[in-house]
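Chains as they are written, first to last, in numbering that gives the first Met the number 0: chain W, 0 to 110; chain D, 0 to 420. Report on the following structure.
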Amino acid sequence: MQALEFNTRTGVISIDYSKCEPAIGNTSTPTCGFACIKACRLYGRNTLKIENNKPVLANTDAAEIGRLDNECLACEYACWSQGTSCIHIELPLPGIEDYRGNPPIEGQQKT
Amino acid sequence: MARIYEYQGKEVLRDKGIRVPQGSVVARAEEAREVAAHVGKPVVLKAQVWATGRFKAGGIKFAATPGDAEKAALELLGSTVKGLTVDRILVEEQLAIGSEYYLGIIVNDSVRVKGPTLIFSTEGGVGVEEVAARNPERVIKMNVNSLQGLSSAEEKRFVDSLPFDEPLSPDLARELAGVVGSLYRAFVDSDARAAEINPLVLAQDHHFYAADCRLTIDDNSVFRHPEFGIELPRDMTRQPTELERIAWQIEEEDYRGTGYFTQMVSKIEGPGWVGLHGIGGGGAMIAASALIARGFSIANYADTSGDPPASKVYRVIKCILSQPIDSYVLMGSCLANQEQWHHAHAIVKIFREEARRRPGFPVVLLLAGNKEAESHEIIRNGLRDLPLRWELYGREYIYKTEFVADRVAELMAAYQEEKAR
Numbered sequence: 000m001q002a003l004e005f006n007t008r009t010g011v012i013s014i015d016y017s018k019c020e021p022a023i024g025n026t027s028t029p030t031c032g033f034a035c036i037k038a039c040r041l042y043g044r045n046t047l048k049i050e051n052n053k054p055v056l057a058n059t060d061a062a063e064i065g066r067l068d069n070e071c072l073a074c075e076y077a078c079w080s081q082g083t084s085c086i087h088i089e090l091p092l093p094g095i096e097d098y099r100g101n102p103p104i105e106g107q108q109k110t
Numbered sequence: 000m001a002r003i004y005e006y007q008g009k010e011v012l013r014d015k016g017i018r019v020p021q022g023s024v025v026a027r028a029e030e031a032r033e034v035a036a037h038v039g040k041p042v043v044l045k046a047q048v049w050a051t052g053r054f055k056a057g058g059i060k061f062a063a064t065p066g067d068a069e070k071a072a073l074e075l076l077g078s079t080v081k082g083l084t085v086d087r088i089l090v091e092e093q094l095a096i097g098s099e100y101y102l103g104i105i106v107n108d109s110v111r112v113k114g115p116t117l118i119f120s121t122e123g124g125v126g127v128e129e130v131a132a133r134n135p136e137r138v139i140k141m142n143v144n145s146l147q148g149l150s151s152a153e154e155k156r157f158v159d160s161l162p163f164d165e166p167l168s169p170d171l172a173r174e175l176a177g178v179v180g181s182l183y184r185a186f187v188d189s190d191a192r193a194a195e196i197n198p199l200v201l202a203q204d205h206h207f208y209a210a211d212c213r214l215t216i217d218d219n220s221v222f223r224h225p226e227f228g229i230e231l232p233r234d235m236t237r238q239p240t241e242l243e244r245i246a247w248q249i250e251e252e253d254y255r256g257t258g259y260f261t262q263m264v265s266k267i268e269g270p271g272w273v274g275l276h277g278i279g280g281g282g283a284m285i286a287a288s289a290l291i292a293r294g295f296s297i298a299n300y301a302d303t304s305g306d307p308p309a310s311k312v313y314r315v316i317k318c319i320l321s322q323p324i325d326s327y328v329l330m331g332s333c334l335a336n337q338e339q340w341h342h343a344h345a346i347v348k349i350f351r352e353e354a355r356r357r358p359g360f361p362v363v364l365l366l367a368g369n370k371e372a373e374s375h376e377i378i379r380n381g382l383r384d385l386p387l388r389w390e391l392y393g394r395e396y397i398y399k400t401e402f403v404a405d406r407v408a409e410l411m412a413a414y415q416e417e418k419a420r
C-alpha cells in the first residue's frame, strides 16, 4: 500500500508512504521520531498508531474514525515540521474557490 | 435570533386565529393592483424589509384605488429602505383604527424567570421600551410557566389586570384573552424567542387586529421550520451574502464549538480593510473599537470560541481571507479553558497555504489562554519562513488593544506602500 487515505468528519487525511521516512526505511527509529503519532496522542484522539514501522489507522471502522477524530490538524503540522511532509489534510468548503475567483483577490490564483 | 418577514408572521398569527388585515404579499406592481382590487377597499403597501421605522423611511405607502396601489408598488419595488432593497410588498386593507396597543411575548433570560414573559402596553405603535421608560404604569408583564403553559384562566387574569382608560366590554375582554392565548401558541409552536404585535389595533368594527408583527425564531430551532425559508439562522437585517452562505456550511451540521462568520459590508471598496477574527465576543469588540478609532474599516465579524476543532478555525480564517482585505487580525484574548493549540495549528495551515499568494500581507496575532506557550511555539515555528508581515502577542497584551491597532497600522502602511511600488 503506497498511501493511506481516510475520511474524518469534514475532511480527508492522506499519508503518502512513498515519502514517509519510517515506511520507506522500515525503521523503528526514524529521524522524525514518529512525530505524527506523538502529535495525534497529544492533540488528537489516537486516530493513528504505529504498525510495521509506519503510521496506520488505530481503528478500521470508518464511522468510528469519523466520530472519534477531532480534526486537530496536528499530524500534518508535525510531519511538515519534523518529517517529510507526507501527510496532507484536505478541508473542503464548497463554493469558496469559485467565490475567490469572482471577484479575484489581488495576486491570488484560483486553485 | 433568526427573523421572519411581517407577512410570514401574519400567516402564523392568522393560522392561530388572530385577525390580520386582509391582503397578500406581492413581488410585482401588477399584482399589487390585483390584490387591491380583491380587497375592495383602500390599501396600505408595506415594504417587507427587516427594519423598524419603515413609515418615516418611506417604506409604507397608502393607496385609495387599485391603480394607485400599482403606482405605489412601482415606487416601492426596487427602492431601498434604510439601505435594504425592497423586493416584496405586503398589500393589505387599511384598518379603521380605534385604539392601538402592544402585545408581546419574549423569552426572558433573567435568572429569576428563565421563561416566557407576556407584555402588554396600552400605548401601541411605538417602542414598548420607550413607553415603559416614560409611563411604566402603562406596561404590564406576566411571567408564564413554560412547562405548564398558559391557561385560559391566566389569559383572563392577565387581561383583567390591564390598565385601560375605560374598561373593556366583556366581549372585547374575552376576544383579547383569546388573542393573548393565540399569540402564546404561535410563540411556542414557532419556537420563537419573541413574538410581538405592535400595534394591536382595536378597529372600529370592535375587533382586535394584528396590524404589524415581529417574530424572531430561536437559531437552534430553525431546522424545524422549513416553512419560514430561513437560509441562515443569524440576527441579520438583510439577506446573506454569497460568502456568508458559503461560511454557513462550516456551522450548519457541525456542533463542535463556534465557527461564526458574517460580513460587515457586502462590498469592500478602497484600502484599509481589516479581517477581524475574535475568540469570544468581548475581546473582538474591544479590538474593533481600537481599530475603528485608528480609521480602519472592519470587513467582517468572526468568532471561533467554545473550543472548535482546528478544521473549523481553518475554514473560518479561509473565509476571512476570501475578502479583499489589507490585514488579518486575531484577537484571541480569552483566558478560558479552550486549548489554543488547535487555533495555532489552524493558523499555521491556512497561512502556509495562503502566504505565497499575498506576499508581505500583515498578520497580527494576539493569542492568549490555555496552552498559550505551546501554541505560540507552534505558530512561530510554522510561520517562520513565510513571506508575511506577522507578529504574535500573548496574555500581557490582552488589555493593550491600542498597541495592537498601532501594530496593524504600521504593518498595513508598509504593505500598501510595497503594493503601490
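Every residue gets a Cβ at the ideal spot worked out from N, C-alpha and C, and that includes glycine.
- In the structure shown, the three-state DSSP call for residue 389 of chain D is strand.
- Along the stretch 340–361 of chain D, going in chain order, the ones with a CB nearer than 7 Å to a CB of chain W are 340, 341, 344, 345, 347, 348, 356 and 357.
- The Cβ of residue 104 of chain D sits no closer than 7 Å to any Cβ of chain W.
- Nearest C-alpha to residue 371 of chain D among D:336, D:263, D:61 and D:198: D:336.
- Runs of alpha helix (DSSP H) with 4 or more residues, each lying fully within the stretch 25–108 of chain W, are found at 34–42, 61–67, 73–81 and 95–100, listed in chain order.
- By the criterion of a C-beta distance shorter than 8 Å, residue 375 of chain D is surrounded in its chain by 343, 366, 391 and 393, once the five residues flanking it on both sides are discounted.
- Residue-level contact by beta carbon holds for residue 90 of chain W and chain D, with a gap shorter than 7 Å.
- Residues of the same chain with a CB within less than 6 Å of the CB of residue 103 of chain D, apart from the 5 flanking positions on each side, are 118 and 195 in chain order.
- For the 7 Å CB-CB criterion, residue 166 of chain D and residue 145 of chain D do not form a contact.
- With a threshold of 7 Å between beta carbons, residue 109 of chain D makes no contact with chain W.
- For residue 408 of chain D, the enclosing alpha helix (DSSP H) stretches over residues 400–419.
- Taking 7 Å as the CB threshold, residue 64 of chain W stays off the interface with chain D.
- Between residue 17 of chain D and residue 209 of chain D, the beta carbon gap of about 5 Å places them in contact (Cβ cut-off 8 Å).
- At a cut-off of 7 Å, the C-beta of residue 118 of chain D has no neighbouring C-beta in chain W.
- Judged by pairs of C-beta atoms under 8 Å, the stretch 91–98 of chain D does not touch the stretch 182–190 of chain D, as fewer than three such pairs exist.
- Residue 262 of chain D sits close to residue 299 of chain D, with the two beta carbons spaced by under 7 Å.
- Non-local C-beta neighbours of residue 327 of chain D in its own chain, meaning closer than 6 Å and more than five positions away in sequence, comprise 274 and 362, ordered along the chain.
- When the Cα atoms are used, residue 45 of chain W and residue 100 of chain W turn out to be separated by approximately 38 Å.
- DSSP places residue 284 of chain D in the uninterrupted alpha helix (DSSP H) bounded by 280–292.
- In terms of CA proximity to residue 350 of chain D, D:384 leads the group D:331, D:384, D:136 and D:332.
- Remark: C-beta atoms of residue 171 of chain D and residue 158 of chain D do not approach each other more closely than 7 Å.
- According to DSSP, residue 213 of chain D shares a beta bridge with D:195.
- Under the 10 Å beta carbon count, residue 62 of chain W is surrounded by fewer than 16 other beta carbons and is classified as exposed.
- Rounded to whole angstroms, the separation of the alpha carbons of residue 46 of chain D and residue 179 of chain D is 27 Å.
- Not a single C-beta of chain D is nearer than 7 Å to the C-beta of residue 32 of chain W.
- With a beta-carbon spacing of about 22 Å, residue 48 of chain D and residue 21 of chain D fall beyond the 8 Å limit used to define contacts.
- The distance from the Cβ of residue 347 of chain D to that of residue 378 of chain D is about 6 Å, consistent with a contact at the 8 Å cut-off.
- The alpha helix (DSSP H) runs lying completely inside the stretch 18–82 of chain D and spanning 4 residues or more are 28–38 and 65–75, given in chain order.
- Using a Cβ distance threshold of 7 Å, residue 15 of chain D and residue 213 of chain D do not count as a contacting pair.
- The beta carbons of residue 42 of chain D and residue 68 of chain D sit closer together than 7 Å.
- In the displayed model, residue 298 of chain D falls within coil according to three-state DSSP, outside both helix and strand.
- Only residues of its own chain outside the window of five on either side were considered, and among them 47 have a CB closer than 6 Å to the CB of residue 4 of chain D, listed in chain order.
- Distance check between residue 83 of chain W and each of W:16, W:56, W:4 and W:52 places W:16 closest, using alpha-carbon atoms only.
- Its chain contains 19, 209 and 212 as the residues whose beta carbon lies nearer than 7 Å to that of residue 9 of chain D, once the 5 sequence neighbours on both sides are disregarded; these appear in chain order.
- In the DSSP annotation of this structure, residue 134 of chain D is not part of any alpha helix (DSSP H), being labelled neither H nor E.
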